[in-house]
Each structure stands twice: as C-alpha cells, then as structure tokens.
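Below you'll find the structure, written out as structure tokens, and then a few comments.
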Amino acid sequence: MRLDRRTLLVGTGAAGALVVAYLAWPRAGRPSLLPSAGERLLGSAIAIDKAGKVRIAIPQVETGQGIWTGLAQVAADALGAAWESVGIAPVRSGAEWVNGLAEGEGWRPLVGGDEGLRITAGSTSLRAFEQPMQQIGAAARALLVAEAAERWNVPAAGCETSRGFVVHQDRRLSFGELAEAASRRSLGDAPAAVGRPSLIGQPLPRLDAIPKANGQLRFAGDVRLPDMLFASVRTSAGNGIRIEGNPPAGVRFASGDQWVAALADSWWTADRALGEARVRSFGPAGGDDAAVTDALDRALASGASEVLHSVGDIDGVFEGVRPLAATYGASAALHHDLEPPSATARITDGLLELWAGTQAPELARAAAARAGGVDPARTLLYAMPVGGQGGAALENDLVPIAAKLTRDTGRPVQAMVGRAEQVRSDAVRSPLKARLYARTLPDGSVAGLRLRLAGTDGLAKALGRLSGKDRGTFRASALNPLPYAIPNVSLEVAPTVLPVRTGYHRGEVHGAVAFFVESFIDELARIAGRDPLSQRVALLTGNPRLARCLVRATALGGWDGGGAGSQMGLSTISAYGSRIAVVANASVGTGGQVAVSRLVAVVDCGRAVNPALVRQQVEGGMLSAIQQATAPAPSFAHGRVTGPIAPSVGAMAGTPEVLVEILASDEAPGGVNGLGAIAAPAAVANALAAATGRRLRSLPLNPIA
C-alpha cells in the first residue's frame, strides 16, 4: 500500500493517546484482504466478523522472526482490539504494499523499473511498516467510533476503543456489533478517534506459535492439489546442465537452461530416478577453493576500489607514517534453513497460481509469469511462511521452474529439492577478505582507520537474478559506517568476480565486516596496552546509546578486564537502526575445539513492540552465528559445494548460557533479526584471543589451523 500523498498523518496526543488526522482514505487499488463469509472490511486490510474477531493483512513474510505477530500487534493496538481476538492473513498477491526502506537501502534500483519493492529482508520489516500498520488500525478504529457515536448521538471525540469495544462513559458496543455498518462509512464521516495504547511493549504470545506446535501451520511443501505431479530438481552451477538416458516407467524428465527435473506421482519416486540418472552439470572453470582464494587476493592487491563511506582525510592522516595493518578473512557460509526449497504451481483457465516460500513475492510472481508464459495480471502467488531465517527463501529458484513445468505438463506440479541438493547448489554468503589499516596516537586513540574489502554483495546478486537484471554492484548500505568517533575513516570495496554463486544471508555482509572491525579494534587496544572496554568507551563519545549498551553488558557479564587468560571478549555494533553490545566467555578445549560457555547481550532497539520477539531474535541469531563461526567452512568444486552434508542445526549439547537484556527507549523501532548474528562472532574471537594469546583472523574460527 503506497502511503504518500494519501498518507494518514499520525501524531501523539495527551497522555500518549494516538491522534489521527485523515487526508483521504486510500480506497483505490486492490484490497489487501478478501473478507470471508460474515466478515466486513474496514479499509483495505482489516476484516471484522459479527463475533468481533479481527483479521489483519500482513505484508511481510513470516520466516520465524515473528513479524506476523509484531505487525499485527501494532495494528491491533491502534485499533483497540483484544489480542485474543486477533488473527492474520498474508496480503493478497499484487496488493500495493511496498517496503519503504528498499530505496534507502539501495535495493530497488537493483531490480530496475519504477515500481516499489515488496521484500522481507535486512531487518527492515518493523521499521518500514510500523507506521502503515498504525494507520490501518487507526482508520478502522475511527470508522467504528463514528458508527457508535452516531448511534449514541454523542461526539466521537468522547469515545474510545478498548479490548474490542467502543466505549463512551458507561456505554459499550462491541466491534462485531458495529462492523457491518461501519464498513459502509467513509473516512470523511469519521473524525479522529482516541485510543489508549495497551498492546505495544507487551511480550504477547506469538500468533504462529500454537499452529506450528500442533502442525496446523502449512508450509509450501505441505501443499497438495488434485492430480499433482512431484518434481525433484537439480540446478547448474552456472554453465548449463543436462540429463542423459531414458527415465524409468512412471517418470518423465524435463530440463531448462540451468536445471533438470524428474517428475512422478510421488517426490520420492522422482528423486530416486533423478539420483540414478546421469546428470552432467557444467560449472565455471576453476570454481574451487583455490580459485576463490585467488580471486579475493587479486582483488585486494589491485588498485581498483570504490569508497562506500568516507569521513575526514584518510590519505592525509596516513601520509608519512607506517600504519598498523592486519588481514582478515571470512569463508563462504551455507544457509541452515530447516525447510527444503519448494514451489507448487497450476494453471486453470489461463490463471497461474503458485504456492511458495519467498521473501520477495512480487519479484517471484513476475519471474513465474515469464516462465509460465502468462500475463502477470493473471498470476497469483500465495506467499507461504518460511521455515528458516537464514535467507535462502529470498531467491526461490523453484518458482519459475514450477511455473514452466505446470505449463508444459498441463498438471499441477510441486518442485522440490532434497537436503543434499539444497546444500550443493546453495547461494552461499560471499567469501570475503579485508585489509585494515589504522594510525594510533601516543595516547592510544585512533586517528584514522581504513578498511579495504574484497568479495560480493549477496543481496544485490540475489535481487539481480530474481529480476533478470544482475548489475553486479555493491550497495553503499552493505557496509555500516563505523560506530566509533574516529575522525578519519574510509570503507572501500575492491571489485571482485567470484567463481561461486553467492546470495542473501541473514546479517548480509555486516557479520563478516563486524568481525573484522571489532577484532581489529581489540588488537589496537592490546597494542596500546589498554583495556578493550576503556578503548571502546573512549571511541563511543558520539554514540551514547551504544555506550550505554556496552557499559550495561559488561556489568551484567562481570567483565574482568579482558587481560591474558580472562576468556572474555567484547563486541559493539550499530546496525539496522539498533545497537547491541555482547560479552562472550569462550575458550579452546583439549581437542582444539572452540567452547563458548556464555553470551551476554544488551540491546537498544528503540521502542520494543514485543520484547519477547526481540529476545528470541537476538538469542537465536547469536546461537546460529556461533554455530556457523565454529563449523568447518564449505569447499567447492566446479562452483558447487562439496564434502559431507552437515545437519541443518547443531547439537543442543554445548549450547552456551545466553542472557539478553533490552534497554527501554522511546526512539523509533530498529531492526533486530540480524543483530545478534552479526555481533556474536567478534566477541567470541576476542575472548579466544584473551584466553590463548593468539589472534584468529579468519571465520570460521579454527584454533588448530
């Protein structure tokens, strides 16, 4: 839903009450929600039935981050609904919802055209949609209040909403009693209404928790259609693929430029046939580990670079001095999503329908329309919940494949890959290498810092492939400006062509870059003989919110100074409009393995709509990142991942104690989905440096390398 000149103006009234002034009600365009029997639409995105049950259209995809709950909580609070009466529905395919941060993050230009971009990525969902969700809730509330006020013959300004009722003194009418008549009103008849915020800031239970626990929530692979074929798919590493030989009875083979498939009446039959067939995939020449390392080294050594962030005069501060320098690296990282990629498609009377887990539904819909030879206006994509936060579902390759297969076979088709193919063909987080330089002054302060990075921007690559317009660019927003008060800074990217497929991952490039910078800051502190805490506090003079997180985290974590043998390390990160400080306790076991015993994080994410969701995301992000930071790196041959197939999740044994504290704040909400994931590895690496006296400058962390 585009909220520009038709935007509802939201402000704060007395005692924190929400006051809404209406310019015009955006009734034009496709409604976001189709009402069910007995429901009435109030606006385009809220439906209420006669029993008072409220259904709210949610524009973002649920990947386990809790965004269905968070955005519904915002709208329900503005509406004045009772939480136990609230349900959600994904917005309709083709509805006019746009991620307003896509432009500022540099995403929309990657896909071309003038249309907005609907995408769930980069910890943007709450930041982008808090205000629109407030507006749809407040608009529906105003319609209900106007109807009640007319029935009572009282001023609407004297009415309020609370727990599913419109209230005026001792009179009450339920939303269900008012919904049908209120749905016929226009906002021109509905003066501003006042509600009492009661849901924001509460750790309300997740709307998807019980359906997930009892198996009622359906994912893309659960879809079953009459007369459906199942396809097992293999994809190319980039230079084509073909399948040779004849299929067994009951199986048919199909192929495209970069994929092959076996189709049968069960997926297991199709997958077995594909496994027994001769499939030849042609990857890039030299698409192996040595070629990846060589590409990164050559990029760093070249003179070419693009400055993404610059402060002061970095060349001037380095002139005539030999700066301190260190080289850091991060290997490729795999997605560890639990759900195997899948997509289901059918064409009925010229209408193409798709069921898929994808974080960019409208881009996927357009790609399916092209592959299926169908008008985009006759293409519907039902965005299913996604079983994993790793980011693999941003680019679901199977959506256009399923569309083509259903067109060619004339039957519904569900395309899916198994765990082995999921890993072998993964669009990995880009391997990265960085050279860092710093000039320090006699008092230990940092006068200048330069970071030169080699690698690719996986989000840009994924969006480029989705839209068919790969520009190979590196977004300025892919590198966070340093949170420290260093007067001269340069963050640079060296153009890099890698012989492996890279894509979007939770935390994006920020995780590796945070590991580089926070480890280097730790090194500079130790060279200067300073406590890593005092070094950071001195550098955070212009960032009081992050300094507060750091001071509180070290108090909670029992910071011991980080001296030799302490087994404690720090990291501080500003990202996605939020701040986080992490204290880690880590050591090296007798077998050379990394053992993390405790993680303490303090978060300032602005207004926490639902503190329980924030805590879950930070905890889960830290644990996921630690698993990846201590697991063996993937290897490559011919552009595909080789080696044993590791489990999607690590063992529970050895999971560290985790403590997360959320600081109260009245600032605008920040993103948290990737926050813990990008902050934890550096804290662990710094703890290992204190414990062993040896600096590990590469991810994954390997003390015996």
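First residue of the sequence shown? That's 21 in the numbering used here, and the numbers climb one at a time after it. We treat Cβ as the ideally placed atom computed from N, Cα and C, and that holds for glycine.
1) Can you find at least 3 beta carbon pairs, one from the stretch 267-278 and one from the stretch 481-491, that sit closer than 8 Å?
2) With 16 as the cutoff for other CB atoms within 10 Å, does R112 come out buried or exposed?
3) Would you mind reading off the limits of the alpha helix (DSSP H) that contains N728?
4) With DSSP as the reference, label S18 as helix, strand or coil.
5) Please go through the same chain and pick out, in chain order, the residues whose beta-carbon is closer than 8 Å to the beta-carbon of L695, but skip the five residues on each side of it.
6) Any idea what DSSP makes of Q93, helix, strand or coil?
7) Thinking G260 and P304 are a contact (beta carbons under 8 Å), I'd like their distance in whole angstroms, please.
8) Just to confirm, are L544 and L560 a CB contact at a threshold of 8 Å?
9) Who are the Cβ neighbours of E687 in its own chain at under 6 Å, not counting the five residues just before and after it?
10) In whole angstroms, what separates the C-alpha of V458 from that of V557?
11) Thinking C-alpha only, which one of G295, T140, W88, G349 is nearest G475?
12) Who are the Cβ neighbours of G100 in its own chain at under 6 Å, not counting the five residues just before and after it?
13) Put L469 into one of helix, strand or coil per three-state DSSP.
14) With DSSP as the reference, identify every bridge partner of L719, one or two as the case may be.
15) Suppose contacts are defined by Cβ-Cβ distances below 8 Å. Is V616 in contact with A711 by that definition?
16) Under 8 Å, do G126 and S497 count as touching if we go by C-beta distance?
17) If you draw a straight line from the C-alpha of A505 to the C-alpha of A684, how long is it?
18) Whole angstroms is fine: what's the gap from H525's alpha carbon to F195's?
19) Check each candidate in L456, H356, P129 and name the one with the smallest Cα separation from G492.
20) For V394, name the three-state secondary structure that DSSP assigns.
21) Determine whether the beta carbon atoms of P503 and D247 lie at a separation below 8 Å.
22) On the criterion of 16 or more Cβ atoms from any shown chain inside 10 Å, does I646 qualify as buried, or is it exposed?
23) Mapping the DSSP letters down to three states, classify A403 as helix, strand or coil.
24) Whole angstroms are fine: how far does the CA of L316 sit from the CA of P79?
25) Check the DSSP bridge columns for R75 and list the partner residues they point to.
26) Going by beta carbon distance, what residues of the same chain come within less than 6 Å of R75, once the five residues before and after it are set aside?
27) Quick one: grab the DSSP three-state call for A707.
28) Consult DSSP for H530 and reduce its assignment to one of helix, strand or coil.
29) Would you please state the rounded distance, in angstroms, between the beta carbons of Q93 and L219? I believe it to be under 8 Å.
30) In angstroms with no decimal places, state the Cα-to-Cα distance between A34 and P217.
31) Let me confirm a value: E512 is counted as buried when at least 16 other C-beta atoms fall within 10 Å, else exposed. Which label applies?
32) Rounded to whole angstroms, what is the Cα-Cα separation between A649 and L721?
33) Please report the distance separating the alpha-carbon of R427 from that of S105.
34) Which value, in whole angstroms, describes the spacing of the CA atoms of Q434 and L320?
35) Please state whether the Cβ-Cβ distance between A606 and A725 is less than 8 Å.
36) Classify D446: buried if its beta carbon has 16 or more other beta carbons within 10 angstroms, exposed otherwise.
Looking at the atomic coordinates:
1) Contact between the stretch 267-278 and the stretch 481-491 is absent, because fewer than three Cβ pairs lie under 8 Å.
2) R112 comes out buried.
3) Nothing can be reported for residue 728, as the shown portion of the chain is limited to 21 through 725.
4) The requested residue 18 is not part of the displayed model; the chain covers only 21 to 725.
5) Taken in chain order, the residues that qualify are S143, I593, A595, Y596, S598, I600, V623, C625, Q637, V638, G641.
6) Correct three-state label for Q93: helix.
7) Contact flag wrong, Cβ pair sits at about 11 Å.
8) Against a cut-off of 8 Å, the Cβ pair of L560 and L544 comes out as no contact.
9) For E687, same chain residues with a beta-carbon under 6 Å away, outside a window of 5 residues either side, are G626 in chain order.
10) Reading off the sequence shown, one finds Ala at residue 458, where the question assumed Val. If you take the alpha carbons of A458 and V557, they lie about 18 Å apart.
11) Out of G295, T140, W88, G349, G349 has the C-alpha closest to the C-alpha of G475.
12) Excluding residues within five positions, the ones whose Cβ falls inside 6 Å are R161, T181, S182, G215.
13) Per DSSP, reduced to three states, the secondary structure at L469 is strand.
14) According to DSSP, which records beta bridges pairwise, L719 is partnered with A350.
15) No.
16) Their beta carbons are under 8 Å apart, which means G126 touches S497 by this criterion.
17) Linking A505 to A684 through their CA atoms gives a straight-line distance of about 24 Å.
18) Looking at the two C-alpha atoms, the distance is approximately 42 Å.
19) Each of L456, H356, P129 was checked against the Cα of G492, and the nearest Cα belongs to P129.
20) Three-state DSSP puts V394 in coil, outside helix and strand.
21) No, they are not a contact pair.
22) By the 10 Å Cβ count, I646 comes out buried.
23) Correct three-state label for A403: strand.
24) Taking the Cα positions, P79 is about 38 Å away from L316.
25) For R75, the pairing in a beta bridge is given by DSSP as A67, G107.
26) The answer, listed in chain order, is A67, G107, A109.
27) In the three-state reduction of the DSSP assignment, A707 falls in the helix class, which pools H, G and I.
28) Residue state, collapsed to three classes: helix.
29) About 5 Å separates the beta carbon of Q93 from that of L219, a gap short enough to meet the 8 Å contact definition.
30) Residue confidence is low: A34 scores 27 on pLDDT, short of 50, so the model does not pin down where it sits. Its coordinate-derived value is still stated next. Taking the straight line from one Cα to the other gives about 12 Å.
31) It counts as buried.
32) Distance between the alpha carbons of A649 and L721 is about 6 Å.
33) For R427 and S105, the distance between alpha carbons rounds to 41 Å.
34) Distance between the alpha carbons of Q434 and L320 is about 44 Å.
35) No.
36) Label assigned to D446: buried.
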